Amino acid sequence: MVGDSTIAALVLLLDLSELLVGVEDRGVPPWLYAAVGVVTVVPLCVRRRWPLASAYAVLAGLALMVLTQDGAMVRVAGLAVCVSVYTVVAYAGRRPAAPYTFLAAVVVACQVLFKTPTFDDRGNAITVMAVVYVLVAAVCWVLGEFVGARRAYNAEVERRLRHLEFEQDQQSRIAVAEERNRIARELHDVLAHSVSVMITQADGATFALHGKPEMAEKALRAIGETGRDALSELRGLLEVLRNPDEGGGRTPQPTAAGLRELADRVRGLGLPVELRLDGDFEVLPTGIGLAVYRIAQESLTNVLKHGGRDVRAAVHAANDGERIEIEVLDDGARREPTTLVSGGNGLIGMRERATVYGGELHAGPRTEGGWRVRAVLPLPRG
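The opening residue of the sequence shown carries number 1 in full-length UniProt numbering; numbering runs sequentially from there.
See the structure below:
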């Protein structure tokens with residue numbers, strides 16, 4: 001608005017300086033010239049906000065001056081019309097600019113026809129006017145095209161920057177959500193298994209304390225070992241979270257190579273576990289190896305919690321070079337999926353782990369009794 005007002009003031013000063021020279025000889029009051037000039041130039045103050053309305057207001061002023069049949073007064077609006085042609089091209093586009101430029105040419109041609117007394121003079125005047133108008137309009141049009149192109153380019157750059165900022169913000173939100181889910185899964189896997197085992201052993205020790213003290217002592221040792229293992233894993237997890245770029249912390253995360261140790265630890269808790277491994281599990285991608293271990297760990301934890309007495313479990317894992325299959329079976333009492341873990345987070349966590357690596361996981365009761373968990377995780381090629 002400030003720049004537009006400045007342009008309007010300059011145009012008005014230039015026009016009035018021409019109008020007021022010898023105005024008394026024309027028999028027209030000076031205030032009329034000033035009033036017409038102001039009315040014609042004022043729309044330029046809002047030319048960028050309302051380019052078409054401003055331009056046609058200036059054109060209306062030009063038509064009013066043509067009716068006065070005074071060439072000097074027509075020149076008052078001439079410069080304003082040139083500015084309007086440039087403005088419409090730059091801020092409204094070519095399509096609305098074309099009819100406006102044509103109408104302005106018609107109005108100026110009418111002024112020449114009304115003012116020029118003879119036919120020959122009209123022809124010469126029209127020729128000169130046409131050349132001048134075409135040149136001036138062409139210059140204004142080209143300037144408008146240049147400025148309009150720059151405005152469109154800048155607008156596109158700003159739009160892309162806003163879109164990029166939006167995408168970066170969304171990616172940051174997704175990354176934060178994924179990190180929270182990852183932390184939640186790890187904490188659940190570390191704590192849920194250990195706490196469940198400790199609760200089970202503590203309950204067993206309570207019942208065996210007086211009748212079978214040796215079993216109570218064994219259960220208490222298992223509670224201590226499980227607690228120490230959980231604390232070690234938790235410290236390692238927190239170390240990784242504190243220093244994600246230092247890779248690993250003091251305690252390495254478990255992998256599929258630790259399935260034998262997991263089976264031995266669960267056997268020590270009183271659950272018979274049959275383990276069968278087909279293929280190489282020593283060298284697997286870290287994430288897939290951890291997922292296989294956690295799925296087996298969570299499944300065996302559920303057997304301990306919900307399988308009942310005299311339950312047995314079997315773990316079968318196979319690596320054929322293209323995918324990893326892991327299956328955990330038990331012959332305990334039948335149970336509904338909602339009783340797997342409190343809130344169902346264990347089953348959800350296992351499925352999420354499988355999905356992250358493009359795999360799938362299914363869990364449900366077996367026809368012959370017990371429960372079955374089966375997961376398939378494809379291995380990356382190359």
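Think of the CB as a built atom: it goes at the ideal place given N, C-alpha and C, for glycine as much as any other residue. In this text the structure is predicted, and so the values were computed from the model without any measurement.
Can you find at least 3 beta carbon pairs, one from the segment 306-321 and one from the segment 343-360, that sit closer than 8 angstroms? no
According to DSSP, which residues form a beta bridge with HIS163? Bridge partners of HIS163: none, in fact.
Going by alpha carbons, who is nearest to ILE295 out of GLU282, ASP278, GLY359? GLY359
Helix or strand or just coil, what does DSSP make of GLU274? strand
Assigned secondary structure, TRP141 (DSSP; H/G/I helix, E/B strand, else coil): helix
Quick one: what's got a C-beta closer than 6 angstroms to ARG276's C-beta in the same chain, skipping five residues either side? HIS316
Assess contact between the segment 198-206 and the segment 163-176, defined as three or more Cβ pairs (one per stretch) separated by less than 8 angstroms. Is contact present? no
From ALA98 to VAL157, what does the alpha carbon distance come to, in whole angstroms? 28 angstroms
From ALA291, GLU298, GLY308, LEU284, residue whose alpha carbon lies closest to that of ASP320: Residue nearest to ASP320 within the set ALA291, GLU298, GLY308, LEU284 is LEU284 (criterion: CA-CA distance).
If the criterion is Cβ atoms closer than 8 angstroms, does the pair VAL81 and VAL58 meet it? In terms of Cβ geometry, VAL81 and VAL58 form a close pair [threshold 8 angstroms].
If you run the structure through DSSP and keep just helix, strand and coil, what is LEU269? coil
Whether TYR133 touches VAL107 by CB criterion (8 angstroms): no
Does DSSP classify PRO254 as helix, strand or coil? It is coil, neither helix nor strand.
With a threshold of 16 other CB atoms inside 10 Å of the CB of SER232, please say whether the residue is buried or exposed. Taking a 10 Å sphere around the C-beta of SER232, we find fewer than 16 other C-beta atoms and assign the residue as exposed.
Specify the secondary structure class of GLY358 as computed by DSSP and reduced to three states. The answer is coil: DSSP assigns GLY358 none of H, G, I, E or B.
Close beta carbons around LEU271, own chain, < 8 angstroms, minus the five adjacent residues each side: LEU300, VAL303, LEU304, GLY307, VAL311, ARG312, ALA313
Option in GLY258, ASP264, GLU274 with minimal Cα separation from GLY289: For the set GLY258, ASP264, GLU274, the Cα lying nearest the Cα of GLY289 is the one of GLY258.
Between the alpha carbons of GLU178 and ARG159, how many angstroms are there, rounded? 28 angstroms
Count the other CB atoms within 10 Å of the CB of SER172; is the residue buried (16 or more) or exposed (fewer)? Residue environment for SER172: exposed (fewer than 16 other C-beta atoms within 10 angstroms of its C-beta).
If ARG366 sits next to ARG372, beta carbons under 8 angstroms apart, how far is it from one beta carbon to the other, in whole angstroms? 5 angstroms
Sort out for me which residues DSSP pairs ARG372 with in a bridge. Secondary-structure assignment with DSSP links ARG372 through a beta bridge to LEU329, GLY364.
Can you name the residues that DSSP bridges to HIS316? ARG276, GLU327
Keeping to the same chain, check which residues put their C-beta closer than 6 angstroms to that of LEU361; ignore five residues upstream and five downstream. MET350, ARG351, ALA354, ALA375
Check LEU379 in the structure and name its three-state DSSP category. coil
Specify the secondary structure class of GLU282 as computed by DSSP and reduced to three states. coil
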